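Notes to accompany the following structure.
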Amino acid sequence: MSNINGQVLLAENSAGNGLKRLKLDSSGRLECSVNEIEITAAAITVAVDGLEGLQGTTNTKLDTLEASLTSMEGKQDTQIGHMDGVEASLTAITGYVDGLETLATAANTDLAAIEVLLTASATDLAGSEALLTTIDADTNDIKTNTAACATDLAAIEVLQTAANTDLAAIEVLLTAANTDHAANEVLLGTIDADTDAIKTSTAACATDLAAIEVLITAGNALLTTIDSDTNDIKTATELNSGARVATTLSFGTVANGTPETLPASTGLTLNNSSERLGYHVKASTNNWTGFIEQSFGDDLWISSGNINGGPESEVFGSEIKAGKYARMRLQHTALGDITINGAFLAQ
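Going by numbering that gives the first Met the number 0, the sequence shown opens with residue 0, and the numbers climb by one from there.
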């Protein structure tokens, strides 16, 4: 305390409301008033009793601590054993890690190869996607065609049902035909016998036909002579009588419009062989009408009679001669042409 010699020390009083000077002795020690120290024996006894209680509690806790330390020593022994096992496990794990490291290296190599494959697969997938789009379109077409096929199959089924019915009917007809065939075989046997007889008769006829052919040749020569003589007689008769036989009128197809005239505008020259003029018309397709005209000088034609008919009709008739010339005119009465198969005037 020598370092505070000659200095004034202050301390706060117990009331906390002021400072008081502290006194030191010649040796520098703080001087205290014994009178001001209030210590009672009772307070000391109480304090001692409290210390004894605290000492007993402390001893109990120390005993508990000792038991805990003993238990901890046993557990530490156990933990040491466990640590030995852990150390062995760590040694094994270190070996496994080394193996895993080797496997990881190999895996990295494989992953690099897989990456290359995945890149190629991505390219293939792009191509596959385009192909799948095409397949989808084709599938839609197949779906549409399948629907059409279903309709066709339904129609075919109807046809098949009808065909089955027809086949059943055909089977009945075949059964009947087999019966008729048996009868035909018997009939053919009879016909074969008759044919043999006819063959024999034909051989005999061949001889007779040769003789007949000789007679026909001679007859044809005679008919040629007769035809020539008849023509000569006909010519002589016509020259003597001034008569003319029937004149054929070739109308062919009469078109829609003005009536067509045959013979031409000059007409047919009439003679005195008879009092009447005959006519004949055979027409086809559509109804038709016509008339007979006569004239004295080819300049004024007068209708002397009307004629008409229908499709495929054939008309005959006659008119009294009333002029020097005569002609026939025809026309159709319906839309379309008519075809005249034959027409003539006769006197």
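Beta carbons: idealized from backbone N, C-alpha and C, even for Gly.
Note that the coordinates shown come from a computational prediction; the quantities given were computed from them, not determined experimentally.
Item, Value
"Alpha carbon of residue 83 to alpha carbon of residue 75, nearest angstrom", "12 Å"
"According to DSSP, residues forming a beta bridge with residue 89", "Looking at the DSSP assignment, residue 89 forms no beta bridge with any residue, so it has no partner."
"Rounded C-alpha distance that separates residue 290 from residue 278", "10 Å"
"Pairwise C-alpha distance: residue 322 and residue 328", "17 Å"
"Residue 289, DSSP secondary structure in three states", "strand"
"As assigned by DSSP and simplified to three states, the class of residue 321", "coil"
"Per-residue DSSP class, three states only, for residue 65", "helix"
"Extent of the continuous beta strand (DSSP E) to which residue 304 belongs", "301-308"
"Reference residue 326; option with closest CA among 304, 313, 311 and 309", "304"
"Chain-order list of residues whose beta-carbon lies under 7 Å from that of residue 318 (same chain, five-residue window excluded)", "275, 276, 291, 303 and 304"
"Buried or exposed by the 16-neighbour rule on C-beta atoms within 10 Å, applied to residue 342", "buried"
"Inter-residue CB distance, residue 310 and residue 271 (contact presumed, cutoff 8 Å)", "Their Cβ separation, rounded to whole angstroms, is 38 Å, which puts residue 310 and residue 271 out of contact at 8 Å."
"Given residue 280 as reference, the closest of 337, 345 and 315 once Cα atoms are compared", "315"
"Opposing strand residues paired with residue 10 [DSSP bridges]", "19"
"Buried versus exposed, by CB contacts within 10 Å (16 or more), residue 293", "buried"
"Contact check, residue 346 vs residue 283, beta carbons under 8 Å", "no"
"Span separating the alpha-carbon of residue 180 from that of residue 226", "56 Å"
"Reduced DSSP secondary structure (H/G/I, E/B, other) of residue 284", "coil"
"Pairwise C-alpha distance: residue 142 and residue 159", "25 Å"
"8 Å Cβ cutoff met for residue 287 and residue 266", "no"
"Buried or exposed (CB count within 10 angstroms, at least 16 for buried), residue 331", "buried"
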